[in-house]
Each structure stands twice: as structure tokens, then as C-alpha cells.
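Report on the following structure.
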Amino acid sequence: MEDEVERRQIQQILELDNEELQIEEVESLLESSDDDRHASGVVSPDDFTFNTQLTSLHSYLGEVDDTRHRSAFWDGGAVLNLPLFYLEGVVLFPEATLPLRVIEPNFVAAVNRAMTQADAPYTMGVVRVYRDSNDGPLRLAKVGTTAEIRQYRPVEDGSINVVTRGQQRFCLRRCWIDAEGAPFGEIQIIEEDIPFRTPRDAYAKLVPLNNRRGQQILSLNALSHGGRNDENDSEANSEESFENELTQTERRIHQSAIGACYDSDRMDESTSSADYNKLSESDSQSGSPCGTDSTFLGSSPSGHEKQVRNTDLGIGTKSMARKVAEPRSHLSSTLSRAFAPIWVYRMYDSFCLAQKAADMWKQIVGTPSMDGFVKKPDLLSFYIASKIPVSDPTRQELLEIDGVSYRLRQEIELLERLDRVRCKICKTVIARRSDMLVMSTDGPMGAYVNSYGYVHEVMTFRKAKGLATRGRPHKEYSWFPGYAWTIINCASCDVQMGWLFTATNEKLKPKSFWGIRSCQVKDETR
1 MEDEVERRQI QQILELDNEE LQIEEVESLL ESSDDDRHAS GVVSPDDFTF NTQLTSLHSY
61 LGEVDDTRHR SAFWDGGAVL NLPLFYLEGV VLFPEATLPL RVIEPNFVAA VNRAMTQADA
121 PYTMGVVRVY RDSNDGPLRL AKVGTTAEIR QYRPVEDGSI NVVTRGQQRF CLRRCWIDAE
181 GAPFGEIQII EEDIPFRTPR DAYAKLVPLN NRRGQQILSL NALSHGGRND ENDSEANSEE
241 SFENELTQTE RRIHQSAIGA CYDSDRMDES TSSADYNKLS ESDSQSGSPC GTDSTFLGSS
301 PSGHEKQVRN TDLGIGTKSM ARKVAEPRSH LSSTLSRAFA PIWVYRMYDS FCLAQKAADM
361 WKQIVGTPSM DGFVKKPDLL SFYIASKIPV SDPTRQELLE IDGVSYRLRQ EIELLERLDR
421 VRCKICKTVI ARRSDMLVMS TDGPMGAYVN SYGYVHEVMT FRKAKGLATR GRPHKEYSWF
481 PGYAWTIINC ASCDVQMGWL FTATNEKLKP KSFWGIRSCQ VKDETR
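The sequence shown maps to residues 1 to 526 in full-length UniProt numbering.
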């Protein structure tokens, strides 16, 4: 079935490639492109006829063979020796696709070693390289991603066409060049945390921290009227329901924390009881009630009401002080189990954060549906990090974040603040996030390789400004079947920013769009 689908897609690509090149003047296309988007920022189905599945096939590489091998995942902390592939301006994330046209002999040797090694077959490590300054030496990032070779085809000129997919993050411990000239590295697989879900009863039944003072009064009144057994039952049920929501690991951590709280409570109880007895004796001798009573209760009652209330609560007499001290252990254990307000939990609940991030992403991009990702917050965090229109240093920072909730929170902050995309050199505004356009099933940003072996991470936009075309459109080696490409430079500083893609026939929509290189943009926030 999959072979039949792929055959139809290849046939569609061939039909697009055989269309007569009918490219209108660039100026007229730029004028019409502004009208193809509705005010909401989402592309209308009538204005979009391109099959985004064709892009993800990377058909410009020619025929490649499926390796039909899927490598196993390694446990966190595992140490491996893998051939390395260095890429400047590119950050590979788990589950992201990375096409390669390998030309340089040392990297050809690295790919060949990856195909034949016994301990980690069809796997190599991908690391971003960067320069601290324009003329500084190349440096390797400390965190990279293992890449599984999914498709492979040697070319007659000695190069290799490869399609890989990101698998697991790793820390680069050391690197070297082997006898064949292939770059190698000793890596350690990073252990990913399990997405955290806040149990419903953590804020549904247990005492929130901001209600402690009121809860103390209610608990004392309930105890004075014989309501302690009911509270014990409610507390036990709440605690049991809470623990049932936890995984085995989370339950063990929770019970350990509760045990520590019990030890602390017993110490606090003995100290506070003695202090309270001294305070009660002092109040009895002075003939006045507890000085903090009216403040604690939030009012200043009359003398008769105060006497009644103090009698009910056991305050102001030496004989009743022990009644207040006695339930302290119960109150302390209750408050030790007390949890913060719901909004605090949502700050760290991976599934709540995933829902918020998915909603924001869908609102910005429009498509595709994110429902499947919400159930897998870890994959969603990697997906957004690999597609968000920010510079490659910022995405490297996202790759290095340990913890699903922390990465999602950072991405939400970026999505909230991200507005304009600027040229890295002259800071000219060239696009806005609302103009992002999805031209691939992989999303509005993807990695593509040109005929010279250079890999570019390209953001696609429906509209852009401050850019100038250079040369004529070319149809050969187009990353988007049915579109011709034209080099574009920043109109202010003349640095190459990417490409303008124009449709080769009138039926294909959108008629044009912009591909901006992520390594040439500067992050701009509101």
C-alpha cells in the first residue's frame, strides 16, 4: 500500500516537472501574493493547491534506496563511538528529517562507516558547528542528535545521497579523526525525562497553599465539634486518589517527600507546643486573650463574642492550650500534603503546556493538526523547536534544555514574544510570523540540501519585504516540485537571504512564496 502511494506521488512529481515553464514577471507575482491570505492569517483552501507531501520526499536527490533498517533506541547514559557529521547553521532535533548530499571525502568515509559498523548500524551523530566571530575558528556544540540513515544511494561521481531522521540527543564527550579520515566522536545518550502530568486531585481536593490560614480555623472548629474523624477519612481518600494518579517513580518520590515532612512536623510540634504553653501562661497572668487572636480571625469581636470564641477554640487558658497543641500533628500533616494553586501546576504539567503550545502553534501556522502531538509532549517540544522561526543559536539552546516542561515553557515564551524576522547583518525587517506558510508536511521550516552539498534550514513565508532577486528563475534541483527558484538578497546589505519560489504553471497555488535561511536571521521579539 505504501509503495502504491509513493508511486503516485512520484508520478505527480514527474507531471509537475514536465510542465512547460511559464513563469510570470517576479514583480507581478509579488503584488498578487499579498492578496492570497485572509485577514486571519490562515491560507484559504481555494488559494492552496500544492501537495505538501511531495516536498517531504526530497525527490530532487534522485532515486534513493530505503535501508529498511530501524535502529534501536539506547538507554540514557549509554556511551557510544559514532561517526560524526558537522553542519554549520543547522540544528537537528529528534524526529526531524535531514537530507544530505555527501561530497567531501571525509564525510563520505563517515557515512560508509555508519552503514557498516556493528554496534550502532546505520547511525551517526549530527553536531552543529559555529563561529564565535566572522573570522573565528569553528567550534562544535556540546549537544547533538543521533541520525538514523533511512535512505541511501551512492552516485557515480563518488558522492552519496542520504536521507536521515533524528533519533536521540547526546552529549559530545570527545572527538577525533580515524585512520580513514572519518570524523568520530565519543557520545553519551541523554536520558529524557518522562512527561509529567499533574494528578487531578492535587488541586481538586487537597488544601491549596493560599488557603492555609482559613483552613487552620476550619480544622480547629471541626475538631472542637468532633469532626476529626470525617477529616481523616476525607484526607485519606484524597491522598489515596492522588497517589493512584502517579506513576511508580512519581509515587516513590511523593512518599519519600511526605516521610520527610512527617519528621519535620514532629520537630515543629514539640517546639511549637512548648512555645504555645508559655504564650498561654503569659496571657493568663495578664488576664488578656491571645494578642494575635483578632488578627488571625480577621476581625475584632466584642468582649462577649471573643470570650465565647476563645472558649470554643481553647485559647486563653492554660488548661485548654494542650487541646490546640494536640491536633497540630494532624494539621501539619495536612498542610505538608497541601498543594499550590492550579495555575502553579499548569506551569509544569507537560500535558497542559503541550495543549497551550499546540493551540498557539496552530493559531500561528494554521495547519497541520496538532491533536496527535498533545498526547506526546516530548515529541511536540522537539517538533516546535525544529520549526519555530528563530535563529539556529536559539534552536541550539532549545535542544540543550533538559526537561519537557522547561522546553515547552521556553517555546511558549518565544511564540508569545516572537513577531518579526530580521536580517542578521543589517537588522532590516523582512517578514512576520503571521506570514509563515506550510509548504511541507514537515512544517513551515525544514532542512534541504543543494547540489553542492550545502544543507540549508529554510523558513517558508507567503509574504516578505526588503528583499531583491538576483538572476533568473531555475527549475533544476528545486526542493518544491512545480516551483522554480530565484536567489534573493537583502536589499539593504546585499547578503543572501534565501530564495523566491515561483510556480511553473497557472494552476499551482500559491503562485509564489519565500524561503528564508534560518542562519541569516536575527531573533526579534515584541
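Ideal placement from N, C-alpha and C gives every residue a C-beta, glycine not left out. Note that the coordinates shown come from a computational prediction; the quantities given were computed from them, not determined experimentally.
Collapsed DSSP secondary structure at residue i in the structure displayed
i	result
E180	coil
E457	strand
V421	strand
Y86	strand
T116	helix
I412	helix
E98	Glu is not the amino acid found at residue 98; the sequence shown has Leu there. DSSP places L98 in strand when its eight states are reduced to three.
A385	helix
W514	strand
W74	coil
L500	strand
I487	strand
E476	coil
L508	coil
M436	strand
M347	coil
D402	coil
Closest Cα partner of residue i within the set the options
i	options	result
V494	T428, T97 and S133	Residue identity differs from the one stated: residue 494 is Asp in this sequence, not Val. Checked all of T428, T97 and S133; the closest Cα to D494 is T428.
W74	G89, P121 and F513	P121
L84	H58, N112, A72 and D157	N112
V365	I388, L61 and P377	I388
P377	K522, F107, Q355 and P393	Q355
V390	I194, L414, E400 and Q188	L414
G143	N134, Q117, R174 and I160	Residue identity check: residue 143 is Val in the sequence provided, not Gly. Nearest C-alpha to V143: R174.
V404	S518, K375, W479 and A141	K375
L172	A385, F196, A78 and P137	A78
A491	R470, F373, E476 and Y477	R470
L82	G76, G136 and D119	D119
Y483	S518, M439, D523 and P444	M439
V52	D442, D65 and F196	It is worth fixing the name first, because residue 52 is Thr in this sequence and not Val. Nearest option by C-alpha distance: D442.
T504	S478, R462 and D132	S478
G446	A468, L92, Y406 and R128	L92
G62	S386, I488, N489 and P481	P481
R407	D193, G125, M370 and G89	D193
6 Å CB neighbourhood of residue i in its chain, flanking five on each side removed
i	result
D178	F184
G453	R101 and I103
Q520	K424 and M497
H456	Y448 and R517
T460	L437, M439, P444, F513 and G515
V509	Going by the sequence as given, residue 509 is Lys instead of Val. Within the same chain, K509 has close Cβ partners D47, F48 and T49.
Beta-carbon contacts of residue i that lie in its chain and below 8 Å, excluding the five residues immediately before and after
i	result
R472	T486
K465	V429, I430 and A431
P94	T145, G166, Q167, Q168, R169, L379 and F382
Below-8 Å beta-carbon distance, residue i vs any chain B residue
i	result
W176	No chain B appears in this structure, which consists of one protein chain only.
Neighbour-count burial assignment, residue i, 16 or more Cβ in a 10 Å radius
i	result
H58	buried
Q167	buried
M347	exposed
G515	buried
G181	exposed
K424	buried
K511	buried
S302	Below a pLDDT of 50, predicted positions are generally treated as unreliable, and S302, at 42, falls in that range; no measurement from the model is reported.
N134	exposed
P105	exposed
P137	exposed
T164	buried
Other residues of its chain near residue i: CB distance less than 7 Å, five sequence neighbours each side excluded
i	result
T198	Y345 and D349
T67	Y122, I149, R150, Q151 and Y152
V155	N161
Q410	L398 and I401
K507	T49
D523	V390, S391 and T394
Entirely enclosed beta strand (DSSP E) segments - the stretch 137-180, minimum 3 residues = Within the stretch 137-180, the complete beta strand (DSSP E) runs of at least 3 residues are 138-140, 143-154 and 160-177.
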